[in-house]
Each structure stands twice: as C-alpha cells, then as structure tokens.
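K.L.:
Mind having a look at this structure? Questions to follow.
Residue numbers (my numbering), protein chains in the order written: chain R, 1 to 217; chain Y, 1001 to 1325.
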C-alpha cells in the first residue's frame, strides 16, 4: 500500500538542517585548528578560531533548544529502542543493509509517526545526541571558558583532558555525520529520505493493514 | 675572494673575543655554587645594606640622621633579592665599596657597575640584537638593561623553570611601561600616546588567555632566531598563529627552550613539555590518536564507497535480469 505520511514537523527539520550546517562549520574549522600545519587547514587559524567559537555558541543554543523541544513534544521517545526484540530487529536491519538492499528486498522497517527510526537508528542517535553531543558541548564550553577547567589534573594542565575529549568525541560525531549522509541515501530511492527531511512528508510502502513495522515479528 | 677572507677573519676574531668574554660570564654564573661560609658572609654584608634599604629598614632606621623620604625611593625586598638571580651577589659588587660607608657619596647611583662587567659575553651577544630592536630605534639613549631587567628581583628563565612563573615575570617587565601611561611617557616621545594594550591585540583570539600562556616577547621577537633581544613593534611582530600552533611549534625554541631537553613524549603526545602548563591547539597532538581518527575515516569512506558500488552494481544486475530477451 502506497502511503504518504507527515513524519517530520517543521521545528525538527529546521533543527536538523541548522545542526547540519553548524556541524559542517565546526568540523571544517575544528580540523583547521587541530591539523593547523596540514592540508586539512582550509581556514586560516585566527579566522577558524573565531568561527569555531561563534558556531560553537550557536551549537550550544541549538542543542539546548533541541533537548527542550524533544522533551516538550515527546519526540525524545523516538530515540529509545523499545524492547523486546531490539537485537533481533537490529540484526534484521543490518542484514538488510549488508545483503537485502543488494537483492532489492523491502526495508524491514517502514517509518510511521510513532516509530520513525529503526532500532539501529534509534540506538545510534540516542548515543550520538544524548551521550556524544553533550560531551562535545560541555567540553567545548569549558574550552571557551578555560577558567572553569581544573587548574591541574594528573600533573597536566587542567584543560588537557578536556581538550582531548573534545577532539576525540567531536571527531566521532563528524564521522557519524559522514556516515549519516550516506545512510540518508538508503531510502526507497537514493533521494527519498532527503526529500522527507526537506518537506516532512514520507512516501512509504507499507504492506496493507500495517501501521508500524515493529508490531510485526 | 679578499672580501670572503676578511669576513672569515672577522668571524674568527669575533669568536675569540666572545670566548674570552665568556670567561667573564662564567664568573657571573659561578656564584651558584658557593660554599656555606661564603654564602653567610654575603648575606651578612647584604644584611647591612637591607638594614636601611628595605621596608623594615625604613620603618625602624638604624640612624636618626637619614633622609627617610629619599630612602623610601630606594627600598628593596630582601626575600625577593635573595631568590633572584643576583641573590648570591653582594650589593657592593655592583654598587661599589662607596656604598659600604654612610653617608654614601653624592653620586653613588652613577657609579653602579655596568652589566657587562660580569655579563660580558651576554652583553656582547645581546647588543647587536638590541640595536635592531624597536626600543633602540626610538629611545636608545634612555634604554638600558635595567629598563626591563631589575637586577634586584629578576630571575633568568632557566632558574625559574616553571613556564607560568617565567611568563608572569617577563610580561610584567613589558606591561610595567606598556600598561602604564606614566611609565610609558618616561620613555616614549612626547607626541606618542600609549596604545591601549587590549585594543591593539583585539585581533588575537582569547587575548587574555594568551597573556597567561605566552610571553609578549614570544611574538614580539624575530621568529627564525630562537630567543632574541630584538624586540619588534606591532608591524613586525609574529601574527602567524601557526608559528606556535603547529607540531613544529616555535614555543619549543622560546618559552619552553629550557624544558625541551626534558621532553619525553608523555602519553605519546608531541610537544608534551607544554602540557604541564597549557594545551596548545595544533601543537599538543598525539599522532596515535590522529592516526586512529584517520584510519576510522578512511575505513568509513572506503566502506561507503564499496557499499555504494555494490548497490549500483546489484541494481544494474537486477535491471539487466528483468530485461526482456
């Protein structure tokens, strides 16, 4: 059954694209700062430092807005994988990505307003948005106000572990973002999920009578 | 040819003079290893001077016939002097034996020995650097070693050791004038107004943080020459952030040059000698973490490209299979 459902509200789409733009700026300027003497330094150091600060503050504001909006609208529930059968469904998704998609099989998960993400997406986004992002945001804030860092830690400058954590977690978020761009092409067509993220409308292909793939075992 | 030979001879002569003069420098430095008796003698001698020339001396002067107002302008902190680089030098070494009797001679202050008396080799080396500095260009007559280095409190960086303490001492020397209209006016031409130190450094991100983490002279001296007394004005000062914020950081030959020998690549970090004081973006790097990030990125991109190729290939294969024959 061909379906057309309104999946993503405007605030979520606006947040998503603003988040994407900020991650691009932060990743580019962050790499320019950390790898300052390499080909990755595409933005001059002083400018990169200023831009990273500005985009960083914007990211803090945006992240707080995201958490609040998620709490208010109940969208946070989407990020929670629901037992039982999380592993089983995740394996099914992994199997689909590895083999099924090559054979032209149907995606085992069809998004619905109450279960937008498949279990793997939910787990991954939960970790990225509620574990990695808070680490990057908090360490970034300490980086911006270094007087809040402990003066010394384990015989090193107090900012040292903060800086390393910021870099490593930031790099992980960026790598995930790159993967996310590719995974976005794994919809019914290569561009269908991008369209959904722009318009909010998902053009689905649910078997007749189903409202959520999760309910079918 | 003749010119080249003359240059060689001049260089040889300069080296011989420098080596002779360095014997004087050796004398200046040998005071570090004094026997306890000699040290006690020095302290006794200096205590006589500090009995007047210290805040305690002013409070309870040993004599009633002293000009206390004048004495008040010539006080020193005995504790600071004791811990300074000159702490084991008798006052009279520089101030002359005339300083040991009271009343002192009228122009005793003018009879202070020049620094070159002990630091001949250093002065010889520094003089050419100073000649090229902005201070020599604008106020050569007024500027002496003492304009920056107060021998009663100054410590050489190697003796201080801890970078934060070196920074605090050395930046205070610059800011004493460059952050004080009164002091600045004593040296600068009448028409020259003191630029606001914050305003002229506005371009520098995290300005205040920099001032806690590097010395003014780390940027305001020529980049290629290690540490120098050729102080540069803002038009020539270092503005390339990457000079310090890179793996080959200039800080290794400047602020941290006394500690670089102790570099042990702690936790696998390059420039780990900085880490006790600062995390310097671009310089404080761990090649293993960077490699791990690079490998993860490469695997990810290769994986995505491979997956995309298989998708495209399998889609083409399926379409081909459905094609009517």
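For glycine and all other residues, C-beta sits at the position ideal for the given N, C-alpha and C.
By how many angstroms is the C-alpha of residue 1117 of chain Y removed from the C-alpha of residue 1066 of chain Y?
P.N.:
31 Å
K.L.:
I'd like to know if residue 1256 of chain Y contacts chain R, where contact means its C-beta is closer than 9 Å to some C-beta of that chain.
P.N.:
No, no contact with chain R.
K.L.:
Counting pairs of beta carbons, one from the region 161-179 of chain R and one from the region 49-67 of chain R, are three or more of them closer than 8 Å?
P.N.:
Because the criterion of three Cβ pairs below 8 Å is not met, the region 161-179 of chain R and the region 49-67 of chain R do not touch.
K.L.:
Taking a Cβ distance cut-off of 9 Å, strictly less, list which residues of the region 1279-1291 of chain Y are near chain R, in chain order.
P.N.:
1279, 1281, 1282, 1283, 1284, 1285, 1286, 1289, 1290
K.L.:
Please state the DSSP three-state secondary structure of residue 1203 of chain Y.
P.N.:
It is coil, neither helix nor strand.
K.L.:
Roughly how many whole angstroms lie between the Cα atoms of residue 29 of chain R and residue 182 of chain R?
P.N.:
22 Å
K.L.:
Any C-beta of chain R sitting closer than 9 Å to the C-beta of residue 1026 of chain Y?
P.N.:
Low local confidence applies: a pLDDT of 41 at residue 1026 of chain Y is under 50, so the model's placement there is unreliable, with the coordinate-based value given in what follows. No, its Cβ sits nowhere closer than 9 Å to a Cβ of chain R.
K.L.:
Going by beta carbon distance, what residues of the same chain come within less than 7 Å of residue 6 of chain R, once the five residues before and after it are set aside?
P.N.:
200, 201
K.L.:
By the DSSP assignment, the alpha helix (DSSP H) with residue 1038 of chain Y in it spans what residues?
P.N.:
1036-1050
K.L.:
Roughly how many angstroms separate the alpha carbons of residue 138 of chain R and residue 1219 of chain Y, rounded to a whole number?
P.N.:
31 Å
K.L.:
Tell me, please, which residues DSSP counts as bridged to residue 157 of chain R.
P.N.:
R:152
K.L.:
Taking only the alpha-carbon atoms, compute the straight-line gap between residue 1101 of chain Y and residue 1108 of chain Y and give it to the nearest angstrom.
P.N.:
11 Å
K.L.:
Can you give the Cα-Cα distance for residue 1062 of chain Y and residue 1074 of chain Y, rounded to whole angstroms?
P.N.:
16 Å
K.L.:
Determine the extent of the alpha helix (DSSP H) in which residue 198 of chain R is found, giving its start and end residues.
P.N.:
It spans 192-199 - the alpha helix (DSSP H) in which residue 198 of chain R sits, taken as one unbroken run.
K.L.:
Give a yes or no on whether the minimum CB-CB distance between residue 34 of chain R and chain Y is below 9 Å.
P.N.:
yes
K.L.:
Leaving out the 5 sequence neighbours to the left and right, which residues in its chain are closer than 6 Å to residue 1156 of chain Y when beta-carbon positions are compared?
P.N.:
1085
K.L.:
Counting beta carbon pairs with one atom in the region 1262-1269 of chain Y and one in the region 1237-1250 of chain Y, are three or more of them shorter than 8 Å?
P.N.:
no
K.L.:
Would the beta-carbon of residue 169 of chain R fall within 9 Å of that of residue 198 of chain R?
P.N.:
no
K.L.:
What three-state label does DSSP hand residue 202 of chain R in the structure shown?
P.N.:
strand
K.L.:
Considering Cα atoms alone, identify which of R:151, R:127, R:157 is closest to residue 176 of chain R.
P.N.:
Taking only the C-alpha atoms, the option nearest residue 176 of chain R is R:127.
K.L.:
Counting Cβ pairs, one atom from each stretch, are 3 or more of them under 8 Å apart for the region 142-157 of chain R and the region 84-97 of chain R?
P.N.:
With the cut-off at 8 Å, the region 142-157 of chain R and the region 84-97 of chain R do not touch.
K.L.:
Run through chain Y and tell me which residues come within less than 8 Å of residue 163 of chain R, C-beta to C-beta.
P.N.:
1279, 1281, 1284
K.L.:
Could you spell out the range, first to last residue, of the alpha helix (DSSP H) harbouring residue 28 of chain R?
P.N.:
10-34
K.L.:
Exposed or buried, residue 1200 of chain Y, counting other C-beta atoms within 10 Å across all chains shown (16 or more means buried)?
P.N.:
exposed
K.L.:
Name, in chain order, the residues that DSSP records as bridge partners for residue 4 of chain R.
P.N.:
R:203
K.L.:
Of all Cβ atoms in chain R, is any one closer than 9 Å to the Cβ of residue 1173 of chain Y?
P.N.:
At a cut-off of 9 Å, the C-beta of residue 1173 of chain Y has no neighbouring C-beta in chain R.
K.L.:
According to DSSP, is residue 1092 of chain Y part of a helix, a strand, or is it coil?
P.N.:
helix
K.L.:
Return the bridge partner residues of residue 1285 of chain Y from the DSSP annotation.
P.N.:
Y:1270
K.L.:
DSSP on residue 115 of chain R, reduced to helix/strand/coil?
P.N.:
Taken through DSSP and simplified to helix, strand or coil, residue 115 of chain R comes out as strand.
K.L.:
Taking the alpha-carbon of residue 178 of chain R as reference, which of Y:1173, Y:1076, Y:1301 has the nearest alpha-carbon?
P.N.:
Y:1301
K.L.:
Give a yes or no on contact between the region 1171-1180 of chain Y and the region 115-131 of chain R, applying the rule of three or more CB pairs nearer than 8 Å.
P.N.:
no
K.L.:
Should residue 1230 of chain Y be labelled buried (16 or more other beta-carbon atoms within 10 Å of its own) or exposed?
P.N.:
buried
K.L.:
Would DSSP call residue 1254 of chain Y helix, strand or coil?
P.N.:
coil
K.L.:
With a 10 Å radius around its C-beta and 16 neighbouring C-beta atoms as the bar for buried, classify residue 1221 of chain Y as buried or exposed.
P.N.:
buried
K.L.:
Helix, strand or coil: which one does DSSP assign to residue 121 of chain R?
P.N.:
Note: residue 121 of chain R maps to helix in three-state DSSP.
K.L.:
With a cut-off of 9 Å, does the C-beta of residue 1245 of chain Y fall near any C-beta of chain R?
P.N.:
It does: the Cβ of residue 1245 of chain Y has a partner Cβ on chain R nearer than 9 Å.
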